[in-house]
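*Asks:* Quick note: the sequence shown, position 134, residue 133 per numbering that gives the first Met the number 0, numbers continuous.
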Amino acid sequence: MTYVVLARKWRPQTFDEVVGQEHVRQTLTNAISLDRVHHAFLFTGARGVGKTSIARILAKSLNCESGPTIAPCGHCTACKEIAAGTAMDVFEIDGASNRGINEIRELRESVRYRPSRDRYKVYIIDEVHMLTTEAFNALLKTLEEPPEHVVFIFATTEPERVPVTIQSRCQRFDFKRVPLDQVCGHLRTILASESITIDDDALFMIARESEGSVRDALSLLDQVIAFAGTSISAEQVTGILGISDRRALFEILEALVQGDVSRTLELCKGLFDYGIGTKELANQLLDATRDLLVVKSCENSRTLVDLTKSEWARFHGLAQTVEGGRLERMFGLLLDGCSEIARSPFAKMLLELALIRACQVPPVQSVHEILEQLSTLEARLAGGDAGGGSGGDGPGGGGRARGTATTDGPASRNQTQLLSPATTATQPSNTAGSA
Ligand SMILES: Nc1ncnc2c1ncn2[C@@H]1O[C@H](COP(=O)(O)OP(=O)(O)OP(=O)(O)O)[C@@H](O)[C@H]1O
Ligand SMILES: [Mg+2]
Ligand SMILES: [Zn+2]
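#1: Which residue comes first and which comes last in the beta strand (DSSP E) that contains Arg171?
#2: In the DSSP assignment, find the unbroken beta strand (DSSP E) run with Val149 in it and report its ends.
#3: Report all residues from its chain with a CB closer than 7 Å to the CB of Thr263; omit the five preceding and five following residues, and keep chain order.
#4: Whole angstroms is fine: what's the gap from Lys8's alpha carbon to Glu193's?
#5: With hydrogens ignored, establish whether the beta-carbon of Pro11 is closer than 7 Å to any heavy atom of ligand 1.
#6: Which value, in whole angstroms, describes the spacing of the CA atoms of Gln25 and Ser343?
#7: Within 10 Å of its beta-carbon, does Glu16 have 16 or more other beta-carbons around it, so buried, or fewer, so exposed?
#8: How would you call Glu147, buried or exposed, if buried means at least 16 neighbouring beta carbons within 10 angstroms?
#9: Grab me the residues of Pro11's own chain with a C-beta within less than 6 Å of its C-beta, minus the 5 sequence neighbours each way, in chain order.
#10: Measuring alpha carbon to alpha carbon, tell me which of Glu377, Gly44, Gly316 and Pro162 ends up nearest Lys175.
#11: Do you know offhand how far Thr196's Cα is from Ser230's?
#12: Following the continuous alpha helix (DSSP H) through Thr26, name the residue where it begins and the one where it ends.
#13: Would the C-beta of Thr51 count as close to ligand 2, meaning under 7 Å from any of its heavy atoms?
#14: Taking the alpha carbon of Tyr119 as the reference point, which residue from Ile152, Gln166, Leu5 and Arg46 has its own alpha carbon closest?
#15: Given that a residue counts as buried once 16 or more other Cβ atoms are within 10 Å of its Cβ, and exposed if not, what is Ser60?
#16: Going by the DSSP bridge assignment, what does Lys120 pair with across the sheet?
#17: Closest to Ala54 by C-alpha separation, out of Ile81, Val182, Gln166 and Val366, would be which residue?
#18: Return yes when at least one heavy atom of ligand 3 lies under 7 Å from the C-beta of Glu64, else no.
#19: For a test of your reading of the model: does the CB of Gly84 fall under 7 Å from any non-hydrogen atom of ligand 3? Yes or no.
#20: What's the C-alpha gap between Thr302 and Asp199?
#21: Please determine whether the Cβ atom of Gly19 lies at a distance below 7 Å from any heavy atom of ligand 1.
#22: Thinking just about the alpha-carbon of each residue, which of Leu352, Leu285, Val360 and Ser300 is nearest to the one in Glu322?
#23: Can you tell me where the alpha helix (DSSP H) with Ile165 in it begins and where it stops?
#24: Taking the CB atoms as reference points, tell me whether Ser206 and Ala191 lie closer together than 8 Å.
#25: When you compare each of Leu41, Glu143 and Ala154 to Asp93 by their alpha carbons, which one comes out closest?
#26: Taking the alpha carbon of Pro114 as the reference point, which residue from Leu373, Ala86, Asp125 and Pro71 has its own alpha carbon closest?
#27: From Ile100 to Glu108, what distance separates their C-alpha atoms?
#28: Name, in chain order, the residues that DSSP records as bridge partners for Ala39.
#29: At which residues does the beta strand (DSSP E) containing Asp93 begin and terminate?
#30: Mark Leu57 as exposed unless 16 or more other C-beta atoms lie within 10 angstroms of its C-beta, in which case mark it buried.
#31: Say whether the stretch 66 to 78 touches the stretch 163 to 180, bearing in mind that this needs 3 or more beta-carbon pairs closer than 8 Å, one atom from each stretch.
#32: Give me the Cα-Cα distance between Asn374 and Ala201, rounded to the nearest whole angstrom.
#33: In the DSSP assignment, find the unbroken alpha helix (DSSP H) run with Tyr273 in it and report its ends.
#34: Quick check on His37: buried or exposed, where buried means 16 or more other Cβ atoms within 10 Å of its Cβ?
#35: Taking only heavy atoms of ligand 1 into account, decide whether any of them is closer than 7 Å to the Cβ of Thr188.
#36: Just list the residues that DSSP pairs Thr196 with in beta bridges.
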């Protein structure tokens, strides 16, 4: 297989081929259809979500020989040149390296002349936030009285660094991170047409890792294909993306649920040594605990958490071993601790404290369980020694059961904590004594 850069090969060429960004596509296609295209746009949003792609599609829509049209033909000279980045009337300017007043003065000169062949002169300025203040001021004049034949498209990942005066003269579009399921679907289509097979879990992991950036997803895919060839497994992806972090994270979650403080802290230390930042670890642990809680609490949790099928199965298994109420409290403690972390010079200690507290959350008993224990106790007291009565499976405590009910009961694990302090209000000995 010849090596291709997927992100370049699969740049969308029409509005229909763009994944996500429905609001942008709809507004732009409506404007084109109604012949009411604004003269200046500000495209904002994360890296690799389609800003440059849509800018070029818009340029083609305006300048296609059969246009203006919402479906540029793709094979006329204008369309072809724009796609290749060689069109005379479509200028792609890198704001970072053309940020000074002189470059913008030149641009203002050029704006005055009519297009050499096409309908519009389209200026796409990437990283526009990098322009100097003088350059922005010079640009402002042009934006106020733009010639009919000119369209500006500014793109930036940092809109807050673009002066309001510029922003207010543009139609602004905030590009969104592409939802996980849409990235998955897009990758699946591309892989099918590249004749590459992939595990569902592997595909999901790549999509998740890209956090909504289609370009990142495709770059990761390039990397995985270079390593794995035409058949990709989840293990290979795990190896390449270093998702072993996630395994460690799950182990920490297990240790937390088991209340194992020293193992919890040991595992964290391992990750710190590996180079993970305190804030990052805190966030990931919070996310993981939240996922566990959702898996525990919701029937349809599969769609509510970003977990692969096998990860979900592990979370589901772990969720069975912990009471919902306890998990909720653990999550609350972590949430409190982690909220402080961002502002504190003692981030690591705060995280450790939160983890220790979370480990030590005692199991919570349901009222039903407590009532069951009470009736066991009552039965035992009434009948001398009834042995493990209804619901009890611990060894019979005989006469010594009185007052130390905590040694018996449905589950022997952590029984001492089970009845205190939350249950002291309904101290079984009182009820039992009066029976
Ligand atoms: N919404 C999308 N639909 C389909 N493909 C996309 C989308 N967004 C990005 N891509 C893919 O990623 C590549 C880069 O996208 P694009 O240049 O449009 O991103 P960008 O938002 O301009 O990113 P940057 O901020 O880094 O300039 C495209 O060639 C395409 O393969
Ligand atoms: Mg771009
Ligand atoms: Zn065309």
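Glycine is no exception: its CB is placed at the ideal position from the N, C-alpha and C atoms. Quantities reported herein were computed from a predicted structural model and do not represent experimental measurements.
*Replies:* Let me lay it out:
#1: On the sequence shown, position 172 is the one that residue 171 refers to. Start and end: Gln170 to Asp173.
#2: By one-based count along the sequence shown, residue 149 stands at place 150. Counting along the chain, Val149 sits inside the beta strand (DSSP E) bounded by residues Val149 to Thr155.
#3: Within the sequence shown, residue 263 is the residue found at index 264, counting from 1. Closer than 7 Å at Cβ, skipping near neighbours: Ile251, Ala254, Leu255, Leu354 and Cys358.
#4: By one-based count along the sequence shown, residue 8 stands at place 9. By one-based count along the sequence shown, residue 193 stands at place 194. Spanning the two alpha carbons is a distance of roughly 11 Å.
#5: Start at 1 with the first residue of the sequence shown, and residue 11 comes out as number 12. At least one heavy atom of ligand 1 is nearer than 7 Å to the Cβ of Pro11, so yes.
#6: Counting from one through the sequence shown, the residue named residue 25 turns up at place 26. Counting from one through the sequence shown, the residue named residue 343 turns up at place 344. C-alpha separation (whole angstroms): 45 Å.
#7: Here residue 16 corresponds to residue number 17 of the sequence shown, with the count starting at 1. Exposed, because fewer than 16 other Cβ atoms sit within 10 Å of the Cβ of Glu16.
#8: Counted from its first residue, the sequence shown places residue 147 at position 148. It is exposed - the Cβ of Glu147 has fewer than 16 other Cβ atoms within 10 Å.
#9: Numbered from its first residue, the sequence shown carries residue 11 at position 12. Cβ within range, chain order: Val17 and Ser52.
#10: Residue numbering aside, residue 175 sits at position 176 when the sequence shown is read from its first letter. Considering only alpha carbons, the answer is Gly44.
#11: In the sequence shown, counting from the first residue as 1, residue 196 sits at position 197. In the sequence shown, counting from the first residue as 1, residue 230 sits at position 231. Rounded to whole angstroms, Thr196 and Ser230 show a C-alpha spacing of 5 Å.
#12: Residue numbering aside, residue 26 sits at position 27 when the sequence shown is read from its first letter. Per DSSP, Thr26 belongs to the alpha helix (DSSP H) from Glu21 to Ser32.
#13: Residue mapping note: residue 51 aligns to position 52 of the sequence shown, counting from 1. Result yes, Cβ under 7 Å from ligand 2.
#14: Within the sequence shown, numbered from 1, the residue matching residue 119 stands at position 120. The candidate whose alpha carbon is nearest that of Tyr119 is Ile152.
#15: Residue mapping note: residue 60 aligns to position 61 of the sequence shown, counting from 1. When all chains shown are included, Ser60 counts as buried.
#16: Walking along the sequence shown from the start, residue 120 turns up at place 121. In the DSSP output, where bridge partners are listed per residue, Lys120 has Val149.
#17: Along the sequence shown, read from residue 1 onward, the residue named residue 54 stands at position 55. It is Ile81 whose Cα lies nearest to the Cα of Ala54.
#18: Here residue 64 is taken as the residue at index 65 of the sequence shown, counted from 1. It does: the Cβ of Glu64 is within 7 Å (strictly closer) of some heavy atom of ligand 3.
#19: To locate residue 84, count along the sequence shown from 1; it is residue 85. No, Cβ of Gly84 sits at least 7 Å from all heavy atoms of ligand 3.
#20: In the sequence shown, residue 302 corresponds to position 303, counting from 1. In the sequence shown, residue 199 corresponds to position 200, counting from 1. One C-alpha to the other measures close to 15 Å.
#21: Taking the first residue of the sequence shown as position 1, residue 19 is located at position 20. Yes, ligand 1 has a heavy atom inside 7 Å of this Cβ.
#22: Residue 322 sits at position 323 when you count from the first residue of the sequence shown. With distances taken between Cα atoms, Glu322 lies closest to Val360.
#23: Numbered from 1 along the sequence shown, position 166 holds the residue referred to as residue 165. Residues Val163 to Gln166.
#24: Locating residue 206 in the sequence shown gives position 207, counting from the first residue. Locating residue 191 in the sequence shown gives position 192, counting from the first residue. Note on identity: in this sequence residue 206 is Ala, with Ser being the wrong assignment. Contact flag unset, no.
#25: The sequence position of residue 93 within the sequence shown is 94, counting from 1. Checking every option, the nearest Cα to that of Asp93 belongs to Ala154.
#26: Within the sequence shown, the letter at position 115 stands for residue 114. Residue Ala86 is the option with its Cα nearest to Pro114.
#27: Numbered from its first residue, the sequence shown carries residue 100 at position 101. Numbered from its first residue, the sequence shown carries residue 108 at position 109. Looking at the two C-alpha atoms, the distance is approximately 12 Å.
#28: The sequence position of residue 39 within the sequence shown is 40, counting from 1. Beta-bridge annotation (DSSP): Ala39 is paired with Phe151.
#29: In the sequence shown, residue 93 corresponds to position 94, counting from 1. Taken as a continuous stretch (DSSP letters only), the beta strand (DSSP E) holding Asp93 covers Val89 to Asp93.
#30: Position 58 of the sequence shown, counted from the start, is the residue given in the question as residue 57. Buried: at least 16 other Cβ atoms inside 10 Å.
#31: The stretch 66 to 78, when compared against the stretch 163 to 180, does not touch it at the 8 Å Cβ threshold.
#32: On the sequence shown, residue 374 is found 375 positions in, with the first residue counted as 1. On the sequence shown, residue 201 is found 202 positions in, with the first residue counted as 1. It should be noted that the sequence gives Ser, not Asn, for residue 374. Rounded to whole angstroms, Ser374 to Ala201 spans 52 Å at the Cα level.
#33: The residue you call residue 273 lines up with position 274 of the sequence shown. Element bounds for Tyr273: Val260 to Tyr273.
#34: Stepping through the sequence shown from its first residue, residue 37 is reached at position 38. Exposed, because fewer than 16 other Cβ atoms sit within 10 Å of the Cβ of His37.
#35: As a working note, residue 188 is residue 189 in the sequence shown. For ligand 1, not one heavy atom lies less than 7 Å from the Cβ of Thr188.
#36: On the sequence shown, residue 196 is found 197 positions in, with the first residue counted as 1. Answer is Ser230.
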